[in-house]
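Asker: Attaching a single structure in structure tokens format; questions to follow.
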Amino acid sequence: MQHNKPTITALIVDDELLARNELARLLKPYKHIDIIDEAENICHAYELIKKHKPDVVFLDIEMPGGTGIELAEQLAGETNIIFCTAYNEFAVDAFSLNAVDYLLKPIVKERLEGTLEKLEGQLTQRPISYLEDNFKLMVKFSENMKIIQLADILRFESIGNHAAIYTAFGKAYIHSSLTKIEARLNPDYFLRASRSDIIRLDAIMELEETINYGLLAKLRNGAQVEISRRQASKLKQQLSFNL
């Protein structure tokens with residue numbers, strides 16, 4: 001274990017004392033992680049976050065008096081969040097909540113170490129950069145929660161204030177606007193095809209020119225997505241080809 005790393009201040013938020021104690025025990029070998037306080041509900045946590053301004057909050061999702069997601073929304077991205085969850089019905093808008101990662105209870109030491117490495121890498125990047133392909137999201141497919149990576153998503157489709165995501169695992173929904181999502185995506189990997197769609201470039205199997213000089217993209221999951229004339233021109237330049 002390295003002891004010369006910059007100190008990272010942390011707050012643990014969980015309504016269960018045993019869960020807080022267990023996480024503190026797992027974090028103890030990491031001398032550069034300074035647990036400055038603990039909270040058992042989101043109201044107390046909010047006060048402590050405003051007081052201490054920690055680098056990261058280890059945040060339980062389901063608690064009496066309010067969820068961790070509600071607290072993250074109140075914070076509006078002002079601190080990094082590591083959600084600690086036992087897998088419940090909540091899907092997290094990771095695109096706006098500064099969700100570094102998700103730790104499933106009971107927390108495994110090796111998994112925690114990987115999350116801390118990810119946190120350290122994110123803290124050295126200012127301002128917030130594009131999300132990496134291994135960025136994790138927790139979404140709900142039918143009745144089952146699943147943690148997926150950004151690279152698994154072939155397409156985002158605007159559905160009102162939500163977005164549908166399409167993956168090899170099926171279709172799911174996240175509570176986030178397409179504009180918010182687009183701001184976090186690397187344009188080398190994703191294209192805003194139109195007002196209603198963002199597609200992953202390496203998911204495109206075929207491209208056909210349409211009557212209005214746009215493009216029709218056929219994705220590897222069989223879906224067909226129209227690319228507007230303006231975005232089609234941008235894509236042609238990006239891929240350096242002429243139809």
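Using full-length UniProt numbering, the first residue of the sequence shown is number 1, and each one after it goes up by one.
Heads up, the beta-carbon is just placed ideally off N, CA and C, and yes, glycines get one too.
1. DSSP beta-bridge partners for L59?
2. Less than 8 Å between the C-beta atoms of L201 and Y189, yes or no?
3. Would you kindly work out how many angstroms separate the C-alpha atoms of K171 and I159, rounded to a whole number?
4. Compare the C-alpha of N80 against each of T67, F58, G66 and A86 and name the closest.
5. Label S228 either buried or exposed according to how many other C-beta atoms from any shown protein chain fall within 10 Å of its C-beta, with 16 as the threshold for buried.
6. Can you check the UniProt domain "HTH LytTR-type" (137-241) for any alpha helix (DSSP H) of at least 4 residues that lies completely inside it and give the ranges in chain order?
7. On the three-state DSSP scale, how would you describe Y130?
8. From the DSSP secondary-structure annotation, give me the bridge partner or partners of L104.
9. DSSP three-state call for A99: helix, strand or coil?
10. Evaluate P54 with the Cβ neighbour count: other Cβ atoms within 10 Å of its Cβ, from every protein chain shown; 16 or more gives buried, anything less gives exposed.
11. Could you tell me whether the Cβ atoms of F156 and I198 are closer together than 8 Å?
12. Got a sec, what are the start and stop residues for the beta strand (DSSP E) A76 sits in?
Answerer: According to the structure shown:
1. Answer is V13 and F83, bridged to L59.
2. Cβ atoms of L201 and Y189: closer than 8 Å.
3. Answer to the nearest angstrom: the Cα atoms are 13 Å apart.
4. Proximity to N80 across T67, F58, G66 and A86 peaks at F58, based on C-alpha coordinates.
5. Under a 10 Å Cβ-count criterion, S228 is classified as buried, with 16 or more other Cβ atoms of the shown protein chains found around its own Cβ.
6. Unbroken alpha helix (DSSP H) stretches of 4 residues or longer found wholly inside the UniProt domain "HTH LytTR-type" (137-241): 178-184 and 229-239, given in chain order.
7. In this structure, Y130 counts as coil in the three-state DSSP scheme.
8. Residue pairing of L104 in beta bridges, as defined by DSSP: T85.
9. Three-state result, A99: strand.
10. If you draw a 10 Å sphere on the C-beta of P54, you find 16 or more other C-beta atoms in it, and that means buried.
11. Going by C-beta atoms, F156 is nearer than 8 Å to I198.
12. Counting along the chain, A76 falls outside any beta strand (DSSP E), and DSSP gives it neither H nor E.
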